[in-house]
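Following this note's numbering, the numbering of the sequence shown begins with 16 at its first residue and continues without gaps.
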Amino acid sequence: MKHKSANIVMLNDREIFNSRYRAPLITLLRERGHNVEGIGVFDRPAGLPALALRLLFGRHDLVLCSNLKSNAFALLFSRRPKVIILNGLGRFRGNARIRTIVRFLLGLRKNTITIVQNHADYRYLRRFGSHIHMQWMPGSGGTAKATGEAGTVVVVQRDSKIASVAGDIRVLLTRMRPCPNVVIVGCEDRKQLDQLFPDILYRAPGYVASKDIFREGSIFLQPMGYGEGFPHTLADALVSGMDVYISDIEFLRYGLGRLGAHRKPLVTGWSRLVPSVELISAVQAETIAARTAEICETLHQDA
Numbered sequence: 016m017k018h019k020s021a022n023i024v025m026l027n028d029r030e031i032f033n034s035r036y037r038a039p040l041i042t043l044l045r046e047r048g049h050n051v052e053g054i055g056v057f058d059r060p061a062g063l064p065a066l067a068l069r070l071l072f073g074r075h076d077l078v079l080c081s082n083l084k085s086n087a088f089a090l091l092f093s094r095r096p097k098v099i100i101l102n103g104l105g106r107f108r109g110n111a112r113i114r115t116i117v118r119f120l121l122g123l124r125k126n127t128i129t130i131v132q133n134h135a136d137y138r139y140l141r142r143f144g145s146h147i148h149m150q151w152m153p154g155s156g157g158t159a160k161a162t163g164e165a166g167t168v169v170v171v172q173r174d175s176k177i178a179s180v181a182g183d184i185r186v187l188l189t190r191m192r193p194c195p196n197v198v199i200v201g202c203e204d205r206k207q208l209d210q211l212f213p214d215i216l217y218r219a220p221g222y223v224a225s226k227d228i229f230r231e232g233s234i235f236l237q238p239m240g241y242g243e244g245f246p247h248t249l250a251d252a253l254v255s256g257m258d259v260y261i262s263d264i265e266f267l268r269y270g271l272g273r274l275g276a277h278r279k280p281l282v283t284g285w286s287r288l289v290p291s292v293e294l295i296s297a298v299q300a301e302t303i304a305a306r307t308a309e310i311c312e313t314l315h316q317d318a
């Protein structure tokens, strides 16, 4: 079915996040005849009033938005049809006041469809936000990347997040015998890493290009602690065919079992993920982009 073209404003906290995480979706939308303009809500704080006025009175047809702060901004000021990508409640998951505000905003306008990336968040909103029009979609889509040495564990984190997950990583590594080779990618604060992992031998190449994040090993480690929606790196690891060691709690939160995955016990609280064809297909960038584009087109068609 041919859909009428739409002028789409794509909001994110920073405009670079659109090209970094939404490139397959942007490409597909443009291929299907839509005009897509990416905007970083907080790239120019002084421009927020002008952006609010544009969302209120602009001639665009649809707003497509992700990241919690940008989502709140769009929900407050945009009167146009909206597709809100709820990446995850993150560190606010345990905050009842924030959860209540999120539920209120998501149900504020009827011309809004919410894509919930974390299955635990989806279950919560389905139970307490029955007025919210939403769908569950596992992440923003993964792409295949080159992998490295067999048996080496790769941890992909940032300096700002590693402290939140270090405890869970230590639990796994100290219980494995023998302890595998470990490479921590993306962190450049060696002093912090030494403090967080005093008894673990690791290597830290620092920041590397996205295409090279798995070149150091063949095993991807997905810890618990930060409260992400569905990690981009986890989707990439699955599509790249890596072995995945995952916290049992995160396995449930991400809804991996509902996508056809199984798990084999590794150590207490941790499992080795056994993927399926269904799971790999569900988290591919092409699948996620196609589903999101269809939601945008349906909402625009019905407006």
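Each residue gets a CB set at the ideal place from its N, CA and C atoms; glycine is no exception.
Kindly indicate the opening and closing residues of the beta strand (DSSP E) around Ser81. In the sequence shown, the residue the question calls residue 81 occupies position 66. Counted as a single uninterrupted DSSP element, the beta strand (DSSP E) harbouring Ser81 occupies residues Leu77 to Ser81.
Close beta carbons around Cys194, own chain, < 6 Å, minus the five adjacent residues each side: If you number the sequence shown from 1, residue 194 lands on position 179. Hits under 6 Å: Leu188.
6 Å CB neighbourhood of Val135 in its chain, flanking five on each side removed: For the purposes of this step, residue 135 is identified with residue 120 of the sequence shown, where counting begins at 1. In the sequence as presented, Val is not what sits at residue 135; that position holds Ala. Excluding sequence neighbours, Ala135 sits near Arg268.
Distance, Gly157 Cα to Met257 Cα: Counting from 1 along the sequence shown, the entry for residue 257 is found at position 242. Counting from 1 along the sequence shown, the entry for residue 157 is found at position 142. For Met257 and Gly157, the gap between their C-alpha atoms comes out near 12 Å.
So Gly182 is in the beta strand (DSSP E); what residue range does that whole segment cover? Taking the first residue of the sequence shown as 1, we reach residue 182 at position 167. Run containing Gly182: none in the beta strand (DSSP E); it sits in the alpha helix (DSSP H), Ile177 to Arg190.
Could you give the distance in angstroms between the alpha-carbon of Ala181 and the alpha-carbon of Ser296? Taking the sequence shown and counting its residues from 1, one reaches residue 181 at position 166. Taking the sequence shown and counting its residues from 1, one reaches residue 296 at position 281. Approximately 30 Å, taken between the alpha carbons.
Pop quiz: Val56 and Leu66 are said to be a contact at Cβ under 8 Å. What is the actual Cβ separation, rounded to whole angstroms? Position 41 of the sequence shown holds residue 56. Position 51 of the sequence shown holds residue 66. 7 Å between Cβ atoms; contact.
Out of Met191, Arg192 and Pro238, point me to the one whose CA is closest to Ile199's CA. Locating residue 199 in the sequence shown gives position 184, where the first residue counts as 1. Nearest option by C-alpha distance: Pro238.
Going by Cα to Cα distance, which pick from Arg59, Leu211 and Leu44 is closest to Ile31? Looking up residue 31 in the sequence shown gives position 16. Closest option to Ile31, Cα to Cα, is Arg59.
Check each candidate in Pro246, Val298, Asn196 and Ser85 and name the one with the smallest Cα separation from Ile215. As a working mapping, residue 215 is identified with position 200 in the sequence shown. Closest by alpha carbon: Asn196.
Counting only the same chain and skipping the five closest in sequence on each side, list residues whose C-beta sits under 7 Å from that of Gln299. Residue 299 sits at position 284 when you count from the first residue of the sequence shown. Apart from the 5 residues on each side of it in sequence, Gln299 sits with its Cβ closer than 7 Å to the Cβ of Gly156, Gly157 and Val254 in its chain, given in chain order.
Go ahead and label Ser175 buried or exposed: buried means 16 or more other beta carbons lie within 10 angstroms of its beta carbon, across all protein chains shown. Residue 175 sits at position 160 when you count from the first residue of the sequence shown. Here Ser175 is exposed. Its C-beta has fewer than 16 other C-beta atoms within 10 Å.
By the three-class DSSP mapping on this structure, what secondary structure does Gly154 have? Position 139 of the sequence shown, counted from the start, is the residue given in the question as residue 154. It is coil, neither helix nor strand.
Is Met239 near the ligand PLP, going by C-beta to nearest heavy atom under 6 Å? Looking for the ligand PLP in the displayed structure turns up nothing, as the structure carries no ligands at all.
Tell me, please, which residues DSSP counts as bridged to Met149. Here residue 149 corresponds to residue number 134 of the sequence shown, with the count starting at 1. Residue pairing by DSSP puts Met149 in a beta bridge opposite Thr129.
Touch test, the region 124-133 against the region 96-105, Cβ-Cβ under 8 Å, three pairs minimum: Judged by Cβ distances under 8 Å, the region 124-133 makes contact with the region 96-105, as three or more pairs qualify.
Using DSSP with H/G/I as helix, E/B as strand and the rest coil, what is Tyr260? The residue labelled residue 260 in the question sits at position 245 within the sequence shown. Tyr260 falls in the strand class under three-state DSSP.
Residues in its own chain within less than 7 Å of Val282 by CB, not counting five upstream and five downstream? Translated into positions along the sequence shown, residue 282 becomes position 267. Scanning its chain for C-beta atoms nearer than 7 Å, with the 5 sequence neighbours on each side dropped, one finds around Val282 the residues Leu187, Arg190 and Met191, in chain order.
Can you give, in chain order, each stretch of the beta strand (DSSP E) that sits fully within the region 93-139 and has at least 3 residues? Whole beta strand (DSSP E) segments, 3+ residues: 97-101 and 127-131.
Do you know how far the Cα of Pro213 is from the Cα of Ile41? Start at 1 with the first residue of the sequence shown, and residue 41 comes out as number 26. Start at 1 with the first residue of the sequence shown, and residue 213 comes out as number 198. About 43 Å.
Nearest to Thr115 (by Cα), restricted to the options Arg273, Arg142 and Ser93: Looking up residue 115 in the sequence shown gives position 100. Looking at Arg273, Arg142 and Ser93, the one whose alpha-carbon comes closest to that of Thr115 is Arg142.
Please report how far the alpha carbon of Gly73 lies from the alpha carbon of Ser85, in whole angstroms. What you label residue 73 is simply residue 58 of the sequence shown in a count that begins at 1. What you label residue 85 is simply residue 70 of the sequence shown in a count that begins at 1. So the two alpha carbons sit approximately 17 Å from each other.
Note down, in chain order, each residue of its chain lying with its Cβ closer than 6 Å to the Cβ of Thr248, except the 5 sequence neighbours on either side. If you number the sequence shown from 1, residue 248 lands on position 233. Val171, listed in sequence order.
Would you say Gly182 lies against chain B (beta-carbon separation less than 7 Å)? Protein chains in the displayed structure number just one, and chain B is not present.
Out of curiosity, what's the CA-to-CA distance linking Val117 and Arg185? For the purposes of this step, residue 117 is identified with residue 102 of the sequence shown, where counting begins at 1. For the purposes of this step, residue 185 is identified with residue 170 of the sequence shown, where counting begins at 1. Cα-Cα distance, rounded: 33 Å.
Which two residues bound the contiguous alpha helix (DSSP H) that contains Leu253? On the sequence shown, residue 253 is found 238 positions in, with the first residue counted as 1. Membership of Leu253 in the alpha helix (DSSP H) is indicated by the continuous run His247 to Val254.
State yes or no: is the C-beta of Leu123 within less than 7 Å of the C-beta of Leu90? Within the sequence shown, residue 123 is the residue found at index 108, counting from 1. Within the sequence shown, residue 90 is the residue found at index 75, counting from 1. Using a Cβ distance threshold of 7 Å, Leu123 and Leu90 count as a contacting pair.
Based on the DSSP secondary-structure assignment, which residues constitute the bridge partners of Ile234? Taking the sequence shown and counting its residues from 1, the one referred to as residue 234 is at position 219. DSSP output for Ile234 lists Val168 and Asp258 as bridge partner(s).
In three-state terms, what does DSSP make of Thr48? What you label residue 48 is simply residue 33 of the sequence shown in a count that begins at 1. What sits at residue 48 in the sequence shown is Gly, not Thr. Under the three-state reduction of DSSP output, Gly48 falls in the coil class, being neither helix nor strand.
How long is the line joining the alpha carbons of Ser34 and Gly144, rounded to whole angstroms? Here residue 34 corresponds to residue number 19 of the sequence shown, with the count starting at 1. Here residue 144 corresponds to residue number 129 of the sequence shown, with the count starting at 1. CA-CA distance, Ser34 to Gly144, rounds to 31 Å.
Are there 16 or more other CB atoms within 10 angstroms of the CB of Asp227, so buried, or fewer, so exposed? Working through the sequence shown from its first residue, we reach residue 227 at position 212. An exposed status is given to Asp227, since fewer than 16 other beta-carbon atoms sit within 10 Å of its beta-carbon.
Quickly, what does DSSP pair Asn27 with across the bridge? List them, please. Locating residue 27 in the sequence shown gives position 12, counting from the first residue. For Asn27, which the question treats as bridged, DSSP gives the partners Gly55.
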